[in-house]
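Peer 1: I have a structure I would like to understand better, so I am pasting it below and will then ask my questions one at a time.
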Amino acid sequence: MIKNNNSVNQFLNEVNNKVRLSDFIGQFVNLVERGNSFVGNCPFHNEKTPSFNVNNEKSLFHCFGCKAGGNIINFISKYKNLQFLESLIYISQYSGIPYVYDQRKSKSNSEAKLLTNILNKSNNLFKELLKKKTIAYKYIKERGVIDEA
């Protein structure tokens, strides 16, 4: 199991060694082999001429029409509209390569949500106080701040 700070890069390297990108993307896009790569119609925009290219050697995809491109994580994130962590979990389930994210980061995310909530409540309180036309309201009006701000 992958658990350190380089876990995403390690995970991606393991996936690239085990999973052919054309096989993965081929579940969602009809691909045809052309030389060293695979081509198909881009799933991210409407087109009649295939401009979507998958390169297994580099483990990258690129659309010459809409300029979408990247690795397996970028593809599934965009195709299924997934958040980054959801994409890693999806790829982990597909590939059978376990990915364990650092729970300390999720703890810091919950702390960030709490702080954002506190800041939003403080902001709303200050807005309500300003609506009461206090001295502070008069001061900011003199400074040219408009009511919508």
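Numbers 18 to 166, taken from this note's numbering, label the letters of the sequence shown in order. Glycine is no exception: its CB is placed at the ideal position from the N, C-alpha and C atoms. Fair warning: this is a prediction, and the values are worked out from it, not measured in the lab.
Give me the Cβ distance between Ala85 and Lys97, rounded to the nearest whole Å; I'm assuming they're in contact under 8 Å.
Peer 2: The residue labelled residue 85 in the question sits at position 68 within the sequence shown. The residue labelled residue 97 in the question sits at position 80 within the sequence shown. Wrong, their Cβ atoms sit about 14 Å apart, outside the cutoff.
Peer 1: Could you tell me if Val117 is buried or exposed, where buried requires 16 or more neighbouring beta carbons within 10 angstroms of its beta carbon?
Peer 2: On the sequence shown, position 100 is the one that residue 117 refers to. Flag for Val117 reads exposed.
Peer 1: Across the region 131–148 and the region 66–77, are there enough close Cβ pairs to call them in contact, namely three or more that are closer than 8 Å?
Peer 2: The region 131–148 vs the region 66–77: no contact.
Peer 1: Look at the Cβ atom of Lys35, then the Cβ atom of Ser112, and state whether they are nearer than 8 Å.
Peer 2: By one-based count along the sequence shown, residue 35 stands at place 18. By one-based count along the sequence shown, residue 112 stands at place 95. Closer than 8 Å, so yes.
Peer 1: If you measure between the beta carbons of Ile42 and Phe81, is that distance less than 8 Å?
Peer 2: Position 25 of the sequence shown, counted from the first residue, corresponds to residue 42. Position 64 of the sequence shown, counted from the first residue, corresponds to residue 81. In this structure, Phe81 does not lie closer than 8 Å to Ile42 by Cβ.
Peer 1: Using only the alpha-carbon positions, how far apart do Tyr107 and Ile114 sit?
Peer 2: The residue labelled residue 107 in the question sits at position 90 within the sequence shown. The residue labelled residue 114 in the question sits at position 97 within the sequence shown. In a straight line, the C-alpha of Tyr107 is about 10 Å away from that of Ile114.
Peer 1: Taking the straight line between their C-alpha atoms, what separation do you get for Pro60 and Leu48?
Peer 2: Position 43 of the sequence shown, counting from 1, holds the residue named residue 60. Position 31 of the sequence shown, counting from 1, holds the residue named residue 48. Using only the alpha carbons, I get a separation of about 11 Å.
Peer 1: Do you know whose CA, among His62, Phe55, Asn63, lies nearest Ser76's CA?
Peer 2: Within the sequence shown, residue 76 is the residue found at index 59, counting from 1. The candidate whose alpha carbon is nearest that of Ser76 is Phe55.
Peer 1: Helix or strand or just coil, what does DSSP make of Glu50?
Peer 2: In the sequence shown, the residue the question calls residue 50 occupies position 33. Strand.
Peer 1: Which class does Asn88 belong to by DSSP, given the choice of helix, strand or coil?
Peer 2: Locating residue 88 in the sequence shown gives position 71, counting from the first residue. Correct three-state label for Asn88: coil.
Peer 1: Could you tell me the distance, in whole angstroms, from the CA atom of Asn137 to the CA atom of Phe45?
Peer 2: Indexing the sequence shown from 1 puts residue 137 at position 120. Indexing the sequence shown from 1 puts residue 45 at position 28. If you take the alpha carbons of Asn137 and Phe45, they lie about 41 Å apart.
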